[in-house]
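See structure below.
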Amino acid sequence: MPSKLLSPWMLRRLAIRNRICVSPMCQYSATDGMAAPWHLVHLGGMAAGGAGLVMAEATAVVPEGRISPGDLGLWSDAHGAALRPIAAFIADQGAVPAIQLAHAGRKAATARPWEGGAPLAPGQGGWPVKAPSTKPFAPGYPVPHAMTHEDMAAVVTAFAEAAQRALQAGFQVVELHMAHGYLLDSFLSPLANDRSDAYGGTLEGRARLPLEVARAVRLVWPEQWPLFARLSVVDWYPGGFTLDEAVTVAGWLQEAGVDLIDCSSGGMVPDAEIPFAPGYQTPFAAAIRERAGVPTGAVGMITEPVQAEHILVSGQADCVFIGRAMLRDPHWALRAAVVLGDRPPFAQPYHRAY
Ligand SMILES: Cc1cc2nc3c(=O)[nH]c(=O)nc-3n(C[C@H](O)[C@H](O)[C@H](O)COP(=O)(O)O)c2cc1C
């Protein structure tokens with residue numbers, strides 16, 4: 404019996420073999436931003452495991468946009484060359500190679516999670532951080548440099564150049580990271596952005612830089628390939644970014660050429676109270692899809708094939724992004740197909756396991 408989860412779909416002129424997408428997940432395993440064998444095994448395993456789209460982690464468009472010194476980067480052609488075999492392997496498995504482009508803003512320059520994750524001062528392996536305003540992320544985090552118009556123009560250019568390198572490396576989908584309190588999200592949120600110029604204040608002002616980035620990337624990204632944006636639909640904090648605002652921004656992003664909103668939440672402030680539970684962010688994907696009329700991806704504690712199938716069949720999202728469940732089982736898509744009584748997308752060499 405064919406399932407919706409395993410059904411092929413199209414975005415622009417890109418055919419995707421099923422609706423199971425690997426959520427971008429930092430591996431903190433790069434040196435100077437360069438992809439390593441770990442990234443090939445990590446991403447390649449999930450492509451061989453049957454996912455429809457495999458998204459490489461938050462990849463910094465400039466060195467100072469890395470969350471940690473171990474983040475992937477795409478600020479030079481050499482970085483693109485290191486990613487090329489990975490994109491090729493994912494595509495060879497029949498999955499869509501995708502990459503998330505990012506700038507960490509005021510949450511940049513921290514230690515890897517397994518080294519404590521604390522902010523790293525310049526001199527301890529860190530670097531000065533930039534943000535819309537001088538508000539630090541949390542006590543103990545550095546005071547950011549409030550970005551000038553020149554700084555912002557440079558960020559727009561860096562995203563567009565990284566997208567061009569992603570294309571040359573063989574990726575077919577780019578996702579713009581506008582979530583989790585990182586740079587573009589921090590422009591959207593009144594909790595981080597108290598600018599009084601054209602890049603702050605009203606929603607239009609706060610969305611200006613994210614929209615400039617989206618338009619600049621769309622200009623260099625081929626018309627036939629989709630562009631995604633991940634939003635933190637709410638900050639889960641009083642005075643923060645709201646669902647109503649996200650609906651408006653999603654519409655503006657679509658006008659700017661974004662084809663799908665990947666609906667996440669949180670990350671703007673450390674003490675947000677987030678009601679973690681299975682599928683807790685799915686209502687955001689449903690609301691954006693319904694109210695903004697934009698295709699969406701649901702993400703967050705989607706672990707069971709039946710749960711994922713229900714999200715799609717009930718029209719709450721166009722695809723699901725699977726994160727930690729993919730780390731536990733890179734062949735999650737094969738198992739999902741078996742559970743749903745569908746045909747598992749086995750790689751040829753694995754067929755005898757069916
Ligand atoms: C190890 C790890 C790294 C992550 N890195 C990123 C990232 O690079 N970009 C991003 O947007 N989200 C990142 N996330 C969030 C995931 O993409 C996902 O949204 C989140 O884990 C919730 O989905 P899940 O419950 O299926 O794991 C990361 C999560 C984990 C566990």
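Letter by letter, the sequence shown follows residues 404 to 757 in my numbering. Where is the CB? At the ideal position from N, CA and C, for every residue including glycine.
Do residue j and residue i come within 8 Å of each other at the CB atom, strictly closer than that value?
{"i": "Lys533", "j": "His548", "result": "yes"}
{"i": "Ala485", "j": "Met437", "result": "yes"}
{"i": "Leu502", "j": "Met449", "result": "First, the residue type needs correcting, since residue 502 is Ile and not Leu in the sequence shown. No. Outside cutoff."}
{"i": "Val742", "j": "Val702", "result": "no"}
{"i": "Leu622", "j": "Ala563", "result": "yes"}
{"i": "Cys666", "j": "Thr699", "result": "yes"}
{"i": "Arg609", "j": "Gly483", "result": "no"}
{"i": "Trp478", "j": "Ala461", "result": "no"}
{"i": "Gly468", "j": "Ala433", "result": "no"}
{"i": "Arg598", "j": "Pro542", "result": "no"}
{"i": "Tyr756", "j": "Pro748", "result": "With the sequence shown as reference, residue 756 is identified as Ala, and Tyr is not the correct amino acid for it. No."}
{"i": "Leu646", "j": "Phe679", "result": "no"}
{"i": "Trp628", "j": "Val661", "result": "no"}
{"i": "Ala739", "j": "Gln496", "result": "no"}
{"i": "Val499", "j": "Leu456", "result": "yes"}
{"i": "Ile714", "j": "Gly744", "result": "no"}
{"i": "Ala561", "j": "Trp624", "result": "no"}
{"i": "Ile664", "j": "Val697", "result": "yes"}
{"i": "Val570", "j": "Leu504", "result": "Checking the displayed sequence, the identity of residue 570 turns out to be Leu instead of Val. No, Cβ-Cβ distance for Leu570 and Leu504 is not below 8 Å."}
{"i": "Ala690", "j": "Val650", "result": "yes"}
{"i": "Ile489", "j": "His442", "result": "yes"}
{"i": "Tyr544", "j": "Arg515", "result": "no"}
Look up residue i in the DSSP assignment and say whether it is helix, strand or coil.
{"i": "Val714", "result": "The question names Val, but residue 714 is Ile in the sequence shown. In the structure shown, Ile714 sits in a helix (DSSP, three-state: H, G or I)."}
{"i": "Arg633", "result": "strand"}
{"i": "Glu676", "result": "coil"}
{"i": "Glu384", "result": "With the chain covering 404 to 757 only, the question about residue 384 has no answer from this structure."}
{"i": "Gly654", "result": "helix"}
{"i": "Pro516", "result": "helix"}
{"i": "Pro748", "result": "coil"}
What are the start and end residues of the alpha helix (DSSP H) that includes residue i?
{"i": "Thr685", "result": "Thr685 to Ala695"}
{"i": "Gln503", "result": "No alpha helix (DSSP H) contains Gln503, which is instead part of the beta strand (DSSP E) from Val499 to Ala505."}
{"i": "Val464", "result": "Unbroken run through Val464: none, as it is neither H nor E."}
{"i": "Ile489", "result": "Asp480 to Asp495"}
{"i": "Leu737", "result": "Trp735 to Val742"}
At a threshold of 7 Å, does residue i count as lining ligand 3 (C-beta to nearest heavy atom)?
{"i": "Ala617", "result": "Annotation note on ligand 3: not contained in the displayed structure, which lists ligand 1 as its ligands."}
Over what stretch of residues does the beta strand (DSSP E) that includes residue i continue unbroken?
{"i": "Leu477", "result": "Careful: Leu477 lies outside any beta strand (DSSP E) and carries neither H nor E."}
{"i": "Val723", "result": "Cys722 to Ile725"}
{"i": "Leu397", "result": "Given that the chain is displayed from residue 404 to residue 757, the structure contains no residue 397 and the question cannot be resolved."}
{"i": "Leu414", "result": "Trp412 to Leu414"}
{"i": "Ala701", "result": "Thr699 to Val702"}
Exercise. Taking three-plus beta-carbon pairs below 8 Å as touching, is the region 659 to 670 in contact with the region 581 to 596?
Worked result: yes
For this session: Report the residue ranges of all alpha helix (DSSP H) runs contained in full by the region 524 to 574; include only those spanning at least 4 residues, in chain order.
Result: 552 to 572
For this session: Please list the segments of the beta strand (DSSP E) lying wholly inside the region 417 to 460, counting only runs of 3 or more residues, in order along the chain.
Result: 417 to 419 and 423 to 425
For this session: Could you tell me whether the region 597 to 605 touches the region 625 to 638, where touching means 3 or more Cβ pairs closer than 8 Å?
Result: no
For this session: Report the residue ranges of all alpha helix (DSSP H) runs contained in full by the region 580 to 635; include only those spanning at least 4 residues, in chain order.
Result: 586 to 591, 606 to 609 and 611 to 623
Exercise. Within the chosen definition, does the region 718 to 732 reach the region 416 to 427 through at least 3 CB pairs nearer than 8 Å?
Worked result: yes
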